[in-house]
Amino acid sequence: MVRDLVPKPPYFRNAVLAFIFGGLVCVFGQFFTDVYRITFHMSSKEAGNPAVATMIFIGALLTGLGVFDKIARYAGAGLAVPVTGFANSIVASALEFKKEGLVFGVGSKMFLLAGSPITFGVVTAFVVGLIYALFVF
């Protein structure tokens, strides 16, 4: 009965906005890659890491300034899925628990949201690397 009265979320609108904002994040990432490649005479592969670090810094800065959440309300998964969402999850957790101190607040709660994906990624990379080393060499 209640389900009939709850308005349906605008799925199409949300998907289009996520697509547009996710694309804009990619455009900014490519822009920074090109800037590093041209300015510092790097290959595209070498310029990728500083570009990702720049995107993480921008995501963290926007979170700290309180702007990221306002943009994310409209962008949805377009900002949450790329590396900017990773930076947001770490900084938002750190800001939320800063009142509890540096060790018990920021230090222990900073990876509250991002800790599981990091752990899963590291373990998966180790297992894949081990399999590669055993079967390729």
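If you count the sequence shown from 1, position 93 lands on 92 in numbering that gives the first Met the number 0, and the numbers rise without skipping. For every residue, glycine included, the Cβ atom is placed at its ideal position computed from N, Cα and C.
| Query | Result |
| --- | --- |
| Would Tyr35 and Ala50 qualify as a contact pair, given that the criterion is a beta-carbon distance under 8 Å? | yes |
| Is Pro6 helix, strand or coil by DSSP? | coil |
| Between the Cα of Ala93 and the Cα atoms of Ala17, Gly21, Gly63 and Pro8, which residue gives the shortest distance? | Gly63 |
| Do Val82 and Met54 have their CB atoms nearer than 8 Å? | yes |
| Contact check, Ile89 vs Ala113 under 8 Å by CB: the rounded distance? | 5 Å |
| Can the beta-carbon of Leu78 be found closer than 8 Å to that of Phe20? | yes |
| To test your reading of the DSSP string, which unbroken beta strand (DSSP E) runs of 3 or more residues are found completely within the segment 48-112? | none |
| Can you say whether Ala91 is buried or exposed, counting buried as having 16 or more other CB atoms within 10 angstroms of its CB? | buried |
| Under the three-state reduction of DSSP, which class applies to Phe119: helix, strand or coil? | helix |
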